[in-house]
Every structure is written in C-alpha cells, then in structure tokens.
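Undergrad: In this text, residue positions in the sequence shown follow numbering that gives the first Met the number 0: the first is 0, and each later residue adds one.
Idealized CB from N, CA, C, for every residue including glycine.
Note that this is a predicted model, so its numbers are computed, not measured.
One structure, pasted below without further comment.
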Amino acid sequence: MSDPLGFPFGMDPDALRDAPLFRELQRVMASSSGPINWELARQVGVASALEEGPDPEPTEEDRRMLDEAVRVAELQVAGFTGMELPGD
C-alpha cells in the first residue's frame, strides 16, 4: 500500500540521496548552467565509445582511404576559397 504522499511502501525519498548512484545522477544533472549538460554528454560519449570494446588499429586500407578523403577535401576547399593546395 502507498502512503498519502504517493511514495510506495512507505519509502522515504530522502533516503535515496545517500545512494551512490542517485548521488552521482544528481551531481551530473545539476552540473550544467546552460542548455547542454556537457558533463553528461561527455559521459554518454565515453560510454558509447567503449561499448563496442577497444578501438582496433587502423589497417593500411583505412589509412589509404583517409589520405584520399583528405586530398578530396583539400581540393574542394582550394576550389571554393581559391587558396593554394598544401604541399606534400
């Protein structure tokens, strides 16, 4: 049965303040002064990145594709801005 305040089974909501999980949640939720909670965003980003396990070492194909993408980006920027291409 629940009490008149709406807390089930006579649970005291103030008791949750001492639980480490709820203390950490309160700290994270209250740590931002703007519309974006950067601490929470950082923690979610780190947790998401670590979810799949360690980051594998890039292969030679990965490196080649990155070099090619950088070269295409340099050509696009040079064409749009009129800047010279960087030297190798």
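Indicate whether Leu84 and Glu73 have their beta-carbon atoms separated by less than 7 Å.
TA: Numbered from 1 along the sequence shown, position 85 holds the residue referred to as residue 84. Numbered from 1 along the sequence shown, position 74 holds the residue referred to as residue 73. Yes, the Cβ-Cβ distance between Leu84 and Glu73 is below 7 Å.
Undergrad: Measuring straight from C-alpha to C-alpha, what distance separates Asp61 and Val45?
TA: Reading the sequence shown from its first residue, position 62 is the one you call residue 61. Reading the sequence shown from its first residue, position 46 is the one you call residue 45. Approximately 23 Å between the Cα atoms of the pair.
Undergrad: Rounded to the nearest angstrom, what separates Gly86 and Leu39 at their Cα positions?
TA: Your numbering for residue 86 matches position 87 in the sequence shown. Your numbering for residue 39 matches position 40 in the sequence shown. Using only the alpha carbons, I get a separation of about 41 Å.
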